[in-house]
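The numbering used here numbers the first residue of the sequence shown as 2 and each following residue consecutively.
For glycine and all other residues, C-beta sits at the position ideal for the given N, C-alpha and C.
What follows is a short report on a single structure.
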Amino acid sequence: MPGDLLFIPGPVTCAPEVLSAMAQPMVNHRGEQFAGALRRVREKLARIYQTQGEVLVLGGSGTGGLEAAVVSLFSPGDLLLSCPIGNFGKRLASIARAHGAQLELLETEPGHGLDPQRLAARLREDREHRIAGILLTHNETSTGVQNDMAALSRAMEGHPALRVIDSVSGLGGSHMPMDELGFDAVVGAPQKVLAAPPGLAFVALSARACDALARAKTPRFYFDLAKARELGADGQTPWTPPVSQVFALDVALDRYLAEGAERVYARHAAHAAAIREGVQRLGLRLFGDARYPSPTVVTMLVPAGIDPAAVLRALRERHGVVLSGGQGELKGKVFRMGTMGAITLADIQRAIAALGEVLQALGYQPLPLAR
Ligand code: PLP
2 MPGDLLFIPG PVTCAPEVLS AMAQPMVNHR GEQFAGALRR VREKLARIYQ
52 TQGEVLVLGG SGTGGLEAAV VSLFSPGDLL LSCPIGNFGK RLASIARAHG
102 AQLELLETEP GHGLDPQRLA ARLREDREHR IAGILLTHNE TSTGVQNDMA
152 ALSRAMEGHP ALRVIDSVSG LGGSHMPMDE LGFDAVVGAP QKVLAAPPGL
202 AFVALSARAC DALARAKTPR FYFDLAKARE LGADGQTPWT PPVSQVFALD
252 VALDRYLAEG AERVYARHAA HAAAIREGVQ RLGLRLFGDA RYPSPTVVTM
302 LVPAGIDPAA VLRALRERHG VVLSGGQGEL KGKVFRMGTM GAITLADIQR
352 AIAALGEVLQ ALGYQPLPLA R
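Structure follows, in structure tokens:
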């Protein structure tokens, strides 16, 4: 049964063989078959992260991975420098605040990337190294902006704080070599670039982060990365894992690695370019600083006088095309289109044509294209 054309920035359309992997018979999650699948998945993820460190696989979702990183690496009262560039960055700050960290915000207006010089300047001021952790977003899904992670990595050089990165909608979609950039905990999820079903989170840890697990005093139980690490060595998880999701991810990672990282990056960049060009041809304006374009999410402004909810409803009901609206302060102001998953350039053309038809039916008058 073909589903809708999913253009939300996750969960994304999965290939049929990824979905059918979930229909495999259930196995003993403490037995050899599951241990083999978990080991394969962790090893393949480490290649995608470009890390010699450990990748832990947790039941949950991206948010659970972020919570696990915060509670397992830090203690109540630790000073964390949080650098949100949108809604998901703010959520990471809220998680840390909820667990008793002392938060300092280095805020950026939504639509922009974090200025590496501002980060470097703040860290230079911290001569006593009071800042224990730096919280960054790789790819901000709420705005369609991707931070320049290589420049941010250089900006953090020489400061000992642990670097925690939310790469939920970035992981695997562009070049971000974790070890080379000196990141300590990088959180990902299967339902984005990797094009597998939701239900898992990944946390990749550097050696420094593994040492920090023993020192962190934040109360924790389910999302304890020290426990996940201990059991992971035996191909197990502390709690009953989403077995079928791990089977599906195993197949999705094979597809990713068979395509090759460089081709995956190029595919996402080409999809993003096709969407940007298509929506501009409709006369819509893109949202966000063009110096920091996300390859996985494209954001455009809702034209004046158009009801965004009516557009999203008509797209889904009349054309089977599903887009996302805005979040937080961008609610009602933007549409967002993901570039991820088993979609083609032809699907993108179909979705853009449908968007044009729906907008016109709702009275949208495109401005003539600037020459
Ligand atoms: N961080 C980013 C950048 C995201 O895009 C998302 C989800 O879209 C999350 C965190 C939260 O992940 P989840 O919804 O899997 O908990």
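Assigned secondary structure, residue i (DSSP; H/G/I helix, E/B strand, else coil)
i    : result
R164 : strand
I96  : helix
L356 : helix
S325 : strand
E68  : helix
E181 : coil
E110 : coil
Q51  : coil
P117 : helix
Q103 : strand
L331 : helix
L313 : helix
Identity of the residue in the options nearest residue i by Cα
i    : options                : result
M150 : H160, P178, S143       : P178
M301 : G289, V312, S295, P77  : G289
L115 : R256, T138, A352       : T138
T144 : A315, L316, L360, A291 : A291
A102 : H160, P220, R286, G174 : P220
G87  : V72, A275, S175, L107  : L107
A270 : G306, G342, G65        : G342
L6   : G134, P85, A202, D348  : D348
R230 : A310, V58, P10         : V58
Residue i CB to nearest heavy atom of ligand 1 below 7 Å
i    : result
G11  : yes
F89  : yes
S154 : no
E167 : The residue asked about is misnamed: residue 167 is Asp in this sequence, not Glu. Checking every heavy atom of ligand 1 against the Cβ of D167, one is found closer than 7 Å.
P242 : no
E55  : no
T345 : no
Where residue i falls, given that 16 or more other Cβ within 10 Å makes a residue buried
i    : result
R372 : The predicted model places R372 with a pLDDT of 49, which falls under 50 and marks its position as unreliable; any figure quoted below should be read in that light. Exposed.
E18  : exposed
D167 : buried
Q118 : exposed
L95  : What sits at residue 95 in the sequence shown is Ser, not Leu. Exposed, because fewer than 16 other Cβ atoms sit within 10 Å of the Cβ of S95.
G4   : exposed
G364 : exposed
H176 : exposed
K91  : buried
M23  : buried
N148 : buried
According to DSSP, residues forming a beta bridge with residue i
i    : result
I135 : L82, R164
F203 : V58, G189
M338 : V299
V146 : E141, P294
L124 : BP columns for L124 are empty, so no partner.
L287 : M301
L6   : V322
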